[in-house]
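Taking it in order: structure first as structure tokens, then the write-up.
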Amino acid sequence: MKRIAWLDLAKGITIFFVVLVHVLEGIYKTGQYRQFNFFAESTMGILFTFVMPVFFALSGFVYKPVSGCKELLAGLKKKIISLGVPYIIFSVIYVMLQQLRTDVHHLNSWQDLAHIGVLPIGYLWYLYVLFFVFVLVGLLSILNISPILQLTIYLLLLVLSLSQTIHLPYILQGVCMWTSSFYIGYLLKKKPLMLHDRLLFIMSVALFALGCIVQANFGGSTWFVTDMMTPTDVLAKLSSIPLFLYLFSHIKLGSVGNYFTDCGRYSLIIYLVHAPAASVIRIALQKLGLESYVLLVFLTLISAWCISLLVVRLVQNIPWLSLVFNPYQYPHRKQK
């Protein structure tokens, strides 16, 4: 299937923002740079508001509905290999690195690895939830439920997850919370003219701005840590999807655009590598005595980004590394 350039561009820019927000969050949680809290909180608040909804929507945009149980099972087999293998491997790597340095923000134990089937570790929650989103959307697709009815169901599930009227297991909470974002992306692919609708764009901008105001004023003391959805940020998160997909689809590709388009093709690898890389680099720089906040943010960001791209290059040139990062494609690369 021919790649869509603006989708890769969107993935490339969004994954860069993911790296940036996790760098800022890691430094913020040290509590050592309180004079920069306003900058850090404001930036994290904006970035966390759109990066994950947009990522789920981009996955939905490339989703192809299944027509029967056989096709669904074949697709899920592919997903459980392509998402499950790196999920397990990087869960182990993440815990191992934490055990080497116990002065981390949230220390996971080796015992936590036994429970990754029901409770993901750290940033790897995205892969875990995404797989089960594919399961739910696939099941409703083979039941021939109309797109509008499906969206209604997913929005009702979102309301259920936000209401907290009943305690849901992590898997159900995650699926209820994020399937609507995924499916909005899919609907934007089915209705491509919506990505050129200026009125929809203006409405999205207005709703996003309103949502951010609500989030900042009613989200409490931790309004800016919103990698998950809450009642105060759901408006901003959902409206960010048509807003940013419109922007990404209208960006003219230049040298910078082409760079992020290339990066976007390997967004999963960057996502997997960036978190442990950023953590190790930040701790190392602080141990070396670096005190400047600006330099710490800049060097950690650039180092984590470059290490991630170095791993991308290694995967391109060393076929067996695909077993870790893209195991489903490994047999095809081996044949080449």
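Residues in the sequence shown are numbered from 1 upward in steps of one, following the UniProt record's numbering.
Just so it is clear, CB atoms sit at the ideal spot from N, CA and C, and this is done for glycine as well.
Taken through DSSP and simplified to helix, strand or coil, Trp-178 comes out as helix. Per DSSP, reduced to three states, the secondary structure at Leu-290 is coil, with no helix or strand assignment. Separation of the CB atoms of Ser-308 and Val-315 is rounded to 11 Å, and the pair is thereby denied contact status at 8 Å.
Per DSSP, Lys-2 is not a residue of any alpha helix (DSSP H), being assigned neither H nor E. Secondary structure at Val-256: helix, using DSSP grouped into helix, strand and coil.
Boundaries for Phe-224: no alpha helix (DSSP H) harbours it, and the DSSP string shows neither H nor E there. With contacts defined as CB atoms closer than 7 Å, Val-133 and Val-175 qualify as a contacting pair. A distance below 7 Å between beta-carbons, with the five flanking residues on each side excluded, links Glu-291 to no residue of its chain. Taking C-beta separations shorter than 6 Å and ignoring five residues to either side along the sequence, the partners of Phe-224 in its chain run Glu-41, Met-44 and Gly-45, following chain order.
With a beta-carbon spacing of about 18 Å, Ser-240 and Phe-218 fall beyond the 8 Å limit used to define contacts. Taking Cys-306 as the centre and dropping the five residues before and after it, the same chain places no C-beta closer than 7 Å to its C-beta. Counting the other CB atoms within 10 Å of its CB gives Met-52 a total of 16 or more, which places it among the buried residues. When C-alpha distances from Tyr-126 are compared across Met-228, Gln-98 and Pro-65, the shortest belongs to Met-228. Taking Tyr-328 as the centre and dropping the five residues before and after it, the same chain places the C-beta of Lys-78, Ile-81 and Ser-82 closer than 7 Å to its C-beta, in chain order.
Closest in C-alpha terms to Val-85, from the list Pro-276, Leu-268, Ile-13 and Ser-279, comes Leu-268. For the 7 Å CB-CB criterion, Tyr-154 and Tyr-63 do not form a contact.
Nearest C-alpha to Glu-71 among Ile-142, Arg-313 and Ser-249: Ile-142.
Three or more beta-carbon pairs separated by less than 8 Å are not found between the region 250-261 and the region 298-305, which leaves the two stretches without contact. The Cβ atoms of Thr-179 and Leu-119 do not sit closer than 7 Å to each other. Shown here, His-106 sits in coil according to DSSP, grouped into three states, outside any helix or strand. Take the alpha-carbon of His-167 and the one of Gly-122: they are about 21 Å apart. Taking 7 Å as the cut-off, the Cβ atoms of Phe-244 and Val-21 do not count as close. Residue Thr-232 holds the alpha-carbon nearest to the alpha-carbon of Gln-215 among Phe-201, Thr-232, Ile-202 and Ala-206. Taking the Cα positions, Gln-111 is about 46 Å away from Ala-206. Of the residues assessed, Ser-181 falls on the buried side of the cut-off, its CB having 16 or more other CB atoms within 10 angstroms. Shown here, Thr-230 sits in coil according to DSSP, grouped into three states, outside any helix or strand.
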